[in-house]
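All remarks here apply to the structure that follows.
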């Protein structure tokens, strides 16, 4: 097996300007936040972000000027409302947005993971979103050859890079995720390059001892980074919860034209990793 363990800065160089990027987790849960902060520090530009239901992970990149296009089923902050940077940049047309729905985006990832050009779904039938998607070439109404039923064919979504935060990994890239897995395994199979950040790096013997706990095998992973508390301020199941106070601080910074100061303090002005509180290592 090839060793994949490397540092955060080295792993972030695998993301190139203009790449199609997706992240693991969902909303405020297990997003690879420390990796994304490094993406910002490295000045990545013109990224195309795709996911089912992102939140502060995408919004942070958008606010930092790293993003050209966004495709998502929902980009929001759960009980705290709309994603503030996304809203500002979309309304000012500084980014291109493609509103979708959760089911077709998952189907697109599944198609890429299966190595096929498209998968069919029903969920967009009757929606105005279908017309937009047909114009953009990502979905099309088709007729099932066996039943004649109308369905929606969703083009495969093959990200250039998938970044997934996990609980444990070994130096080769074998990865364990506790709790909800969301679409992370599908994304790992769909993407051209897979980067895993992990709360802990454990010996390979641990994976051999309990192979059934491996969610993502080493041969799908290109880089592994040790990133304790790497999802903060999002949660990591069984490790730490969402820091809603920090996220409220983030929203206030965006809404009161202090986002540059937020970036200076929480992204550019530090080299350490977050803890599960407002304190930093």
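Residue numbers (the numbering used here): 87 to 367. Glycine included, C-beta positions come from ideal geometry on N, C-alpha and C. The structure displayed is predicted, hence computed values, not measured ones.
Identified DSSP bridge partners for residue i
i, result
"residue 168", "162"
"residue 225", "240"
"residue 326", "322"
"residue 153", "133"
"residue 112", "115"
"residue 254", "262, 286"
"residue 302", "261"
"residue 248", "108, 280"
Spatial distance of residue i from residue j (CA atoms)
i, j, result
"residue 181", "residue 265", "34 angstroms"
"residue 195", "residue 329", "30 angstroms"
"residue 102", "residue 189", "28 angstroms"
"residue 240", "residue 227", "9 angstroms"
"residue 154", "residue 163", "21 angstroms"
"residue 251", "residue 234", "42 angstroms"
"residue 255", "residue 214", "43 angstroms"
"residue 207", "residue 237", "6 angstroms"
"residue 137", "residue 157", "7 angstroms"
"residue 117", "residue 143", "6 angstroms"
"residue 343", "residue 130", "22 angstroms"
"residue 203", "residue 242", "5 angstroms"
"residue 218", "residue 133", "21 angstroms"
"residue 302", "residue 201", "17 angstroms"
"residue 212", "residue 229", "15 angstroms"
"residue 352", "residue 90", "28 angstroms"
"residue 334", "residue 92", "33 angstroms"
"residue 271", "residue 263", "10 angstroms"
"residue 336", "residue 88", "39 angstroms"
"residue 304", "residue 197", "21 angstroms"
"residue 149", "residue 321", "21 angstroms"
"residue 273", "residue 161", "18 angstroms"
"residue 326", "residue 315", "8 angstroms"
"residue 296", "residue 354", "40 angstroms"
"residue 362", "residue 345", "For residue 362, the pLDDT reaches just 42, beneath the cut-off of 50, and the residue's location in the model is therefore unreliable, leaving the point undetermined."
Where the beta strand (DSSP E) containing residue i begins and where it ends
i, result
"residue 136", "133-137"
"residue 184", "182-185"
"residue 198", "Taken as a continuous stretch (DSSP letters only), residue 198 belongs to no beta strand (DSSP E), being part of the alpha helix (DSSP H) at 188-200."
Enclosing alpha helix (DSSP H) for residue i [first to last residue]
i, result
"residue 276", "270-276"
"residue 205", "Element bounds for residue 205: not the alpha helix (DSSP H) but the beta strand (DSSP E), 204-207."
"residue 309", "Segment 309-312 is the beta strand (DSSP E) holding residue 309; no alpha helix (DSSP H) there."
"residue 348", "345-349"
"residue 96", "94-98"
Short CB-CB distance (under 7 angstroms) between residue i and chain B
i, result
"residue 306", "Looking for chain B here will not work: only one protein chain is present."
CB-CB length for residue i against residue j, believed under 8 angstroms
i, j, result
"residue 205", "residue 193", "4 angstroms"
"residue 119", "residue 319", "7 angstroms"
"residue 348", "residue 110", "With 8 angstroms as the limit, residue 348 and residue 110 do not qualify as a contact, their Cβ atoms being about 24 angstroms apart."
"residue 253", "residue 285", "5 angstroms"
Within 7 angstroms, strictly: CB atoms of residue i and residue j
i, j, result
"residue 307", "residue 259", "yes"
"residue 107", "residue 247", "yes"
"residue 159", "residue 191", "yes"
"residue 283", "residue 313", "yes"
"residue 276", "residue 338", "no"
"residue 340", "residue 140", "no"
"residue 98", "residue 125", "yes"
"residue 147", "residue 122", "yes"
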